[in-house]
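Engineer:
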Amino acid sequence: MLIDDIKNRNVLSVWDAFGCGYAMFKQNITPALFILLIIYFPISLLSGYITIAVSNLAASVDIDAIMSNQEMLMSFVNSSEYVKLAMYNFGSSLIDFILSPFGALAMIFLTKEGLEGKMPTYKEALSVAFSNAGRFICSMIVYTICVFVLTILGIIPGIFLSVVWSFYLQAMVLDNCKGIKSLGYSRELVKGRWWRTFLYIIVFNLISYALSYLIGVIFSFAGASYFMIVIEKLVLSLVSMIFAAARTVIYINYQGNGKTAINMNV
0 MLIDDIKNRN
10 VLSVWDAFGC
20 GYAMFKQNIT
30 PALFILLIIY
40 FPISLLSGYI
50 TIAVSNLAAS
60 VDIDAIMSNQ
70 EMLMSFVNSS
80 EYVKLAMYNF
90 GSSLIDFILS
100 PFGALAMIFL
110 TKEGLEGKMP
120 TYKEALSVAF
130 SNAGRFICSM
140 IVYTICVFVL
150 TILGIIPGIF
160 LSVVWSFYLQ
170 AMVLDNCKGI
180 KSLGYSRELV
190 KGRWWRTFLY
200 IIVFNLISYA
210 LSYLIGVIFS
220 FAGASYFMIV
230 IEKLVLSLVS
240 MIFAAARTVI
250 YINYQGNGKT
260 AINMNV
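Take the sequence shown: its position 201, counted from the start at 1, is 200 in numbering that gives the first Met the number 0, and no numbers get skipped.
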């Protein structure tokens, strides 16, 4: 079974993890596309609307003049345009931090099932994702606040904690960690492998940024219409699902390398 091979490898290379994640995405392409349609398509519609709205607002405001004049800056801060801009940015943050991760939760489930040789359905994946809504929101709030505060105090502590807690979504879905215990489970799993985990994250982020840039360049030739913006965001969502699968492969590999007896009460 493929999952046994992943667990038995002492060290999983970045490319093996990414390749296996991509293979699991391909193997589960049908439920993955349903997840794209049910979760990411509405998100892309909303996000595309926000992108167009922010672009129109920015076009109607002389940012350079505002930033160079304190009186104009204060006037802009008190204007309705600023309020709208703040609301759009807040909405965009909600999408990124609260809505989009449900697609990752579903993909995490599909990856584990696929590695076990099963044929999971999109309904099962969505059920698992949404059943974890409460604990996800609690863990996400703690994660965001702690990482943000430590980053403000010093960039290095913020980076350190974000790596330590990088597998909390996987712990939540695959090991049924209650409440915010997924953060502690991730911490125990990463212990002694912080630098390796950091390397995985850096390389994955570089690949993700490169792919996002390439996709952005390709779609730039198609114009900035609402339709094309939505399609671009859907393509980027597919890419994010592959990386969610790759991270899950790493998580499973870590579990098979001397960390199987982690205390679930952490």
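In this text, a Cβ means the ideal position worked out from N, Cα and C, and glycines have one as well.
1) State the Cα-Cα distance for the pair residue 19 and residue 32, rounded to the nearest angstrom.
2) I'd like to check one pair, residue 136 with residue 90: are the Cβ atoms closer than 9 Å?
3) Under three-state DSSP, which class holds residue 63?
4) Is there contact here, the stretch 72-81 with the stretch 213-222, by at least three beta-carbon pairs under 8 Å?
5) At what residue ranges does the stretch 71-123 contain a whole run of the alpha helix (DSSP H), taking only runs of 4 or more?
6) Are the CB atoms of residue 241 and residue 24 within a distance shorter than 9 Å?
7) Using the Cα positions of residue 12 and residue 73, report the straight-line distance between them to the nearest angstrom.
8) If contacts are defined as beta-carbon pairs under 8 Å, then residue 251 and residue 111 qualify, I think. What distance do you get, rounded to the angstrom?
9) Once the 5 residues before and after residue 245 are set aside, which same chain residues still bring their CB inside 8 Å of it?
10) Tell me whether residue 222 sits in a helix, a strand or coil according to DSSP, three-state version.
11) Quick check for students: name the residue ranges of the beta strand (DSSP E) that lie wholly in the stretch 132-200, counting only runs of 3 or more.
12) Do you know offhand how far residue 297's Cα is from residue 193's?
13) DSSP three-state label for residue 43, please.
14) Would the beta-carbon of residue 109 fall within 9 Å of that of residue 27?
15) Between the C-alpha atoms of residue 265 and residue 160, what's the straight-line distance to the nearest angstrom?
16) Considering just the uninterrupted stretch of the alpha helix (DSSP H) at residue 1, what are its terminal residues?
17) Using a Cβ-Cβ cutoff of less than 7 Å, which residues in the same chain neighbour residue 157 once the five nearest sequence positions on both sides are dropped?
18) Taking a contact to mean a Cβ-Cβ separation below 9 Å, would you say residue 235 touches residue 211 in this structure?
19) Grab the span of the alpha helix (DSSP H) containing residue 18 for me, first residue to last.
20) I'd like the list of long-range same chain contacts for residue 103, defined as Cβ closer than 8 Å, with 5 residues on each side in sequence excluded.
21) Check residue 255 in the structure and name its three-state DSSP category.
22) In the structure shown, what three-state DSSP assignment does residue 264 receive?
23) When you compare each of 178, 70, 223, 199 to residue 247 by their alpha carbons, which one comes out closest?
24) So, under 8 Å CB-CB, residue 30 and residue 100 are touching, yes? Tell me the CB distance rounded to an integer number of Å.
25) Helix, strand or coil for residue 204 per DSSP?
Structural biologist: So, to answer that:
1) C-alpha separation (whole angstroms): 18 Å.
2) no
3) Correct three-state label for residue 63: helix.
4) no
5) 79-93, 100-114
6) yes
7) 52 Å
8) 7 Å
9) 16, 17, 19, 20, 21, 203
10) Residue 222: coil per DSSP, three-state reduction.
11) none
12) With the chain represented from 0 up to 265, any question about residue 297 goes unanswered, as that position is not in the structure.
13) helix
14) yes
15) Reliability fails at residue 265, whose pLDDT of 44 lies under 50, so the model's placement of it is uncertain and no value is given.
16) Counted as a single uninterrupted DSSP element, the alpha helix (DSSP H) harbouring residue 1 occupies residues 1-7.
17) 146, 149, 150
18) yes
19) 13-26
20) 168, 239, 240, 243
21) coil
22) Because residue 264 sits at a pLDDT of 44, beneath the cut-off of 50, its placement in the model cannot be relied upon, and the following sentence gives the value as read from the coordinates. Residue state, collapsed to three classes: coil.
23) 199
24) Contact doesn't hold; Cβ gap of about 17 Å is too wide.
25) DSSP places residue 204 in helix when its eight states are reduced to three.
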